[in-house]
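Q:
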Amino acid sequence: MGYEHGVADSSFDADFGGSLQSHVFAPAQLVRALTVREAKRLLWEGVRLLDARSVQEHGSYHIPSALQLNHQASNRQLMLRCPDRNEPLLCYSNAERRARILVSRLQQLGYRHAYVLQAGLEGFNPTQGD
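Residue numbering for the sequence shown is 264 to 393, as defined by this note's numbering.
Here is the structure:
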């Protein structure tokens, strides 16, 4: 099992009460990719959808209701934009790479239900069947 490391954000303790240390050096967790069928079911149920791509990419095209949250966003931004760590989150990028990075970071911050859209935006068409 690998370990992830990063730079501690000194404002974390004051803003969120707790030590970032416990999250930064946490063991890496398995990133689960959901099929298009599973993703559509979660979307129907109202899952929070996160676009891990750049602002420019999001502006040119995105899945309706997706919140743009770049995979390089600060820990503070992640926690402010997604305050409920138990809320299901579905992340996507063009393929899967940036979404996987975002999900790994969310898991390190204690998000328990963060998933990647399998095949990314390239494999997702909300108007087509399974």
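Ideal Cβ placement from N, Cα and C applies to all residues, glycine included.
Please state whether DSSP places Val310 in a helix, a strand or coil.
A: Coil, per DSSP.
Q: Tell me the residue span of the beta strand (DSSP E) that contains Val379.
A: From DSSP, the beta strand (DSSP E) with Val379 extends over Ala377 to Leu380.
Q: Skipping 5 residues on each side, what residues in its chain have a beta carbon closer than 6 Å to that of Arg363?
A: Val294 and Val379, listed in sequence order.
Q: If Ala315 sits next to His334, beta carbons under 8 Å apart, how far is it from one beta carbon to the other, in whole angstroms?
A: Indeed they touch by this definition, with Cβ atoms about 4 Å apart.
Q: Would DSSP call Ala336 helix, strand or coil?
A: Coil, per DSSP.
Q: My understanding is that Leu352 touches Leu313, with C-beta atoms under 8 Å, so please give their C-beta distance in whole angstroms.
A: Their Cβ separation, rounded to whole angstroms, is 6 Å, which keeps Leu352 and Leu313 in contact under 8 Å.
Q: Considering Cα atoms alone, identify which of Ala302, Arg339, Gly322 and Arg375 is closest to Arg331.
A: The question names Arg, yet the displayed sequence has Gln at residue 331. Of the listed residues, the one whose Cα sits closest to Gln331 is Gly322.
Q: With 16 as the cutoff for other CB atoms within 10 Å, does Asn388 come out buried or exposed?
A: By the neighbour-count rule (16 or more Cβ atoms within 10 Å), Asn388 is not buried but exposed.
Q: Just the Cα atoms here: how many angstroms apart are Ser367 and Gly309?
A: So the alpha carbons of these two residues sit roughly 22 Å apart.
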